[in-house]
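There are 2 protein chains.
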Amino acid sequence: MTQKPSETVVDAWIALVRAQQAAVLKVERAFREAGLPPHAWYDVLWELDRAPEEGLRPFDIERRMLIAQSNISRLIDRLEEKGYVERRACESDGRGQNVAITASGRTIRRRMWPIYAKAISETVGQHFSEREAATVRDLLTRLVDPQG
Amino acid sequence: MTQKPSETVVDAWIALVRAQQAAVLKVERAFREAGLPPHAWYDVLWELDRAPEEGLRPFDIERRMLIAQSNISRLIDRLEEKGYVERRACESDGRGQNVAITASGRTIRRRMWPIYAKAISETVGQHFSEREAATVRDLLTRLVDPQG
DNA sequence: CCCATATAGATGCAGTCGCATGGATTTAAA
DNA sequence: TTTAAATCCATGCGACTGCATCTATATGGG
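Chains A and B, in that order, are what the protein sequence lines are. Per the numbering used here, residue 13 is the first one in the first sequence, and the count goes up by one each step. Per the numbering used here, residue 13 is the first one in the second sequence, and the count goes up by one each step.
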């Protein structure tokens with residue numbers, strides 16, 4: 013069934029791990045140096061900012077961000093504690109809740125964007141042409157397994 | 013100087029983060045399910061297995077693996093505790109040490125390889141042709157910043 | 001309706017991470 | 001040589017992670 017990976021595949025795996033490590037590390041440092049929250053906060057706030065007004069269910073965020081359920085739960089705790097999101101009871105499902113972004117959540121997201129944009133440019137954009145970036149996007153998207 | 017990243021670049025960044033997350037998660041689970049140590053252990057043991065007999069300096073491993081110094085220090089602690097590596101005083105530098113793999117370290121590394129190989133094949137290899145894997149390798153290698 | 005099972009989300013816990021700092025030694029400069 | 005700066009590695013700390021488990025609600029079958 014599953015054959016051994018070729019050397020090229022192993023190298024691609026290593027490059028993937030190292031590249032992401034290096035890139036994430038630099039992005040996180042950029043946020044930290046700017047006195048801003050970590051990058052995961054941005055991603056959640058971004059999802060919520062473009063979501064319908066009533067917000068999203070935690071399991072929705074979970075699936076979009078590929079984060080474990082327990083981590084989403086606590087990430088929302090932290091965001092809520094800072095007043096960036098609100099938890100509301102969910103009408104249609106008594107077990108669930110809706111998480112909605114607040115005004116101050118929108119503000120902090122907007123403040124984070126320039127830092128994020130700059131870091132992405134420096135760590136990723138500057139190394140690729142448009143065409144190469146599209147190739148990376150297309151190839152790597154395949155790895156984000158839709159079915160497990 | 014640093015311009016805003018294009019949408020394609022942002023998408024490439026997101027794909028990179030998601031792809032690595034998904035892939036690492038699956039690999040870690042494969043090791044765990046097999047009752048084996050996590051993937052970082054393999055990487056260190058692999059470096060040491062192909063290193064000269066006296067081993068490597070921690071800062072050497074650090075640079076090869078892009079892991080923070082404090083984490084290397086503790087990773088070596090754990091490996092040493094299990095008897096997979098040995099720390100020896102370094103002759104040429106009184107501050108340093110040499111880390112060398114032991115026989116049982118070589119054994120565990122060999123036992124880990126089939127699991128690792130299978131996981132890499134499943135998470136990466138099967139989604140790419142040889143040519144595509146080479147492209148991923150070449151493009152992503154650029155992001156692993158040689159100079160900071 | 002009742003019960004078994006599945007799903008949403010929270011939480012205890014142990015392990016790991018990055019950062020900041022500390023102690024020891026080496027290197028460079030005065 | 002004496003002193004200052006840099007390098008190597010360890011460690012305290014607070015934060016975050018994944019896993020396992022728990023409670024509560026929902027859903028499907030009898």
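Where a beta carbon is used, it is the ideal one built from N, C-alpha and C, also for glycine. Note that the structure is predicted; figures quoted are calculated from it, not measured.
Nearest neighbour of Trp58 of chain B, chosen from B:Glu144, B:Ile26 and B:Val97 [CA to CA]: As a working mapping, residue 58 of chain B is identified with position 46 in the second sequence. If we check each option's Cα against that of Trp58 of chain B, B:Val97 comes out closest.
Using DSSP with H/G/I as helix, E/B as strand and the rest coil, what is Thr153 of chain B? The residue given as residue 153 of chain B occupies position 141 in the second sequence. Helix.
N-terminal and C-terminal residue of the beta strand (DSSP E) that Gln15 of chain B is part of: Start at 1 with the first residue of the second sequence, and residue 15 of chain B comes out as number 3. Where Gln15 of chain B is concerned, there is no enclosing beta strand (DSSP E), given that its DSSP letter is neither H nor E.
Cβ of Ala31 of chain B within 8 Å of Cβ of Leu37 of chain A? Indexing the second sequence from 1 puts residue 31 of chain B at position 19. Indexing the first sequence from 1 puts residue 37 of chain A at position 25. Against a cut-off of 8 Å, the Cβ pair of Leu37 of chain A and Ala31 of chain B comes out as no contact.
Please determine if the stretch 59-72 of chain B and the stretch 135-151 of chain B are in contact, where contact requires at least 3 C-beta pairs separated by less than 8 Å. Contact between the stretch 59-72 of chain B and the stretch 135-151 of chain B is absent, with fewer than three C-beta pairs closer than 8 Å.
Local conformation of Ala112 of chain B per DSSP, three classes: Counting from 1 along the second sequence, the entry for residue 112 of chain B is found at position 100. Strand.
Could you please give me the residues that DSSP links to Ala101 of chain B through a beta bridge? As a working mapping, residue 101 of chain B is identified with position 89 in the second sequence. For Ala101 of chain B, which the question treats as bridged, DSSP gives the partners B:Gln109.
Alpha carbon of Ala42 of chain A to alpha carbon of Lys130 of chain A, nearest angstrom: The sequence position of residue 42 of chain A within the first sequence is 30, counting from 1. The sequence position of residue 130 of chain A within the first sequence is 118, counting from 1. Approximately 9 Å between the Cα atoms of the pair.
Name the residues in the stretch 36-64 of chain B whose C-beta lies less than 7 Å from a C-beta of chain A; which are they? Answer set for the stretch 36-64 of chain B: Val36.
Is the beta carbon of Ala46 of chain B closer than 8 Å to that of Ile113 of chain B? Residue mapping note: residue 113 of chain B aligns to position 101 of the second sequence, counting from 1. Residue mapping note: residue 46 of chain B aligns to position 34 of the second sequence, counting from 1. Result no, Cβ atoms of Ile113 of chain B and Ala46 of chain B do not sit closer than 8 Å.
Tell me the rounded alpha-carbon separation between Arg143 of chain A and Ala27 of chain B. Position 131 of the first sequence, counted from the first residue, corresponds to residue 143 of chain A. Position 15 of the second sequence, counted from the first residue, corresponds to residue 27 of chain B. One C-alpha to the other measures close to 15 Å.
Leu57 of chain B: first and last residue of the uninterrupted alpha helix (DSSP H) it sits in: Translated into the one-based positions of the second sequence, residue 57 of chain B becomes position 45. Note, Leu57 of chain B: alpha helix (DSSP H), His51 to Asp61.
Anticipated Cβ contact below 8 Å, Ala78 of chain B with Ala146 of chain A, distance rounded: Here residue 78 of chain B refers to the residue found at position 66 of the second sequence. Here residue 146 of chain A refers to the residue found at position 134 of the first sequence. In the sequence under discussion, the amino acid at residue 78 of chain B is Leu, which differs from the Ala named in the question. Between Ala146 of chain A and Leu78 of chain B the Cβ distance is about 26 Å, and since that is not below 8 Å, they are no contact.
What is the DSSP secondary structure of Leu48 of chain B, counted as helix, strand or coil? Position 36 of the second sequence, counting from 1, holds the residue named residue 48 of chain B. Note: Leu48 of chain B maps to coil in three-state DSSP.
Strictly below 7 Å CB to CB, what residues from chain A border Arg30 of chain B? The residue you call residue 30 of chain B lines up with position 18 of the second sequence. The contacting residues are Leu78 and Val156.
Using only CA atoms, which one of B:Ser116, B:Ala101 and B:Trp25 lies nearest to Lys94 of chain B? Position 82 of the second sequence, counting from 1, holds the residue named residue 94 of chain B. For the residues B:Ser116, B:Ala101 and B:Trp25, the minimum Cα distance to Lys94 of chain B belongs to B:Ser116.
Closest by C-alpha distance to Leu87 of chain B, when choosing among B:Ser18, B:Trp53 and B:Thr20: Locating residue 87 of chain B in the second sequence gives position 75, where the first residue counts as 1. Taking each of B:Ser18, B:Trp53 and B:Thr20 in turn and checking the Cα distance to Leu87 of chain B, the smallest one comes out for B:Trp53.
Any C-beta of chain B under 8 Å from that of Ala34 of chain A: Position 22 of the first sequence, counted from the first residue, corresponds to residue 34 of chain A. By this cut-off, Ala34 of chain A is an interface position.
Can Arg99 of chain B and Glu92 of chain B be called in contact, C-beta distance under 8 Å? Position 87 of the second sequence, counted from the first residue, corresponds to residue 99 of chain B. Position 80 of the second sequence, counted from the first residue, corresponds to residue 92 of chain B. The Cβ-Cβ distance between Arg99 of chain B and Glu92 of chain B falls below 8 Å.
Here's a check: name, in chain order, each residue in its chain whose Cβ is nearer than 7 Å to the Cβ of Ser85 of chain A, leaving out the five neighbours to either side. Within the first sequence, residue 85 of chain A is the residue found at index 73, counting from 1. Counting only Cβ-Cβ distances below 7 Å, and skipping sequence neighbours, we find Pro70.
Measuring only between beta-carbons, confirm whether Glu74 of chain B sits less than 8 Å from chain A. The count along the second sequence starts at 1 and reaches residue 74 of chain B at position 62. No, Glu74 of chain B does not count as interfacial toward chain A.
Please classify Asn110 of chain B: is it buried, with 16 or more other beta-carbons within 10 angstroms of its beta-carbon, or exposed? Indexing the second sequence from 1 puts residue 110 of chain B at position 98. Counting Cβ neighbours within 10 Å, Asn110 of chain B comes out buried, since at least 16 surround it.
Counting only C-beta atoms, is Arg86 of chain A closer than 8 Å to chain B at any point? Position 74 of the first sequence, counting from 1, holds the residue named residue 86 of chain A. No, no contact with chain B.
Give the straight-line distance between the Cα atoms of Gln15 of chain A and Ser133 of chain B, rounded to the nearest whole angstrom. Counting from 1 along the first sequence, the entry for residue 15 of chain A is found at position 3. Counting from 1 along the second sequence, the entry for residue 133 of chain B is found at position 121. Straight-line spacing of the CA atoms in Gln15 of chain A and Ser133 of chain B works out to 7 Å.
Below 7 Å on C-beta distance, what does Ala129 of chain A contact in chain B? In the first sequence, the residue the question calls residue 129 of chain A occupies position 117. Simply Lys16 and Pro17.
Partner residues on chain B for Val148 of chain A, Cβ-Cβ distance less than 8 Å: As a working mapping, residue 148 of chain A is identified with position 136 in the first sequence. Those within 8 Å of Val148 of chain A in chain B are Ala24, Ala27, Leu28, Val148, Leu151 and Leu152.
Of all Cβ atoms in chain B, is any one closer than 8 Å to the Cβ of Leu111 of chain A? For this step, residue 111 of chain A is matched to residue 99 along the first sequence. Residue 111 of chain A is actually Val in this sequence, not Leu. For Val111 of chain A, the answer is no, since every Cβ of chain B falls outside 8 Å of its Cβ.
Could you check whether the Cβ of Phe71 of chain A sits closer than 8 Å to any Cβ belonging to chain B? As a working mapping, residue 71 of chain A is identified with position 59 in the first sequence. Look at Phe71 of chain A: its C-beta is not under 8 Å from any C-beta on chain B.
Check for me: the alpha helix (DSSP H) holding Arg69 of chain B runs from which residue to which? Residue 69 of chain B sits at position 57 when you count from the first residue of the second sequence. No alpha helix (DSSP H) contains Arg69 of chain B, which DSSP labels as neither H nor E.
Under 8 Å between the Cβ atoms of Met124 of chain A and Leu48 of chain A? The residue you call residue 124 of chain A lines up with position 112 of the first sequence. The residue you call residue 48 of chain A lines up with position 36 of the first sequence. Cβ atoms of Met124 of chain A and Leu48 of chain A: closer than 8 Å.
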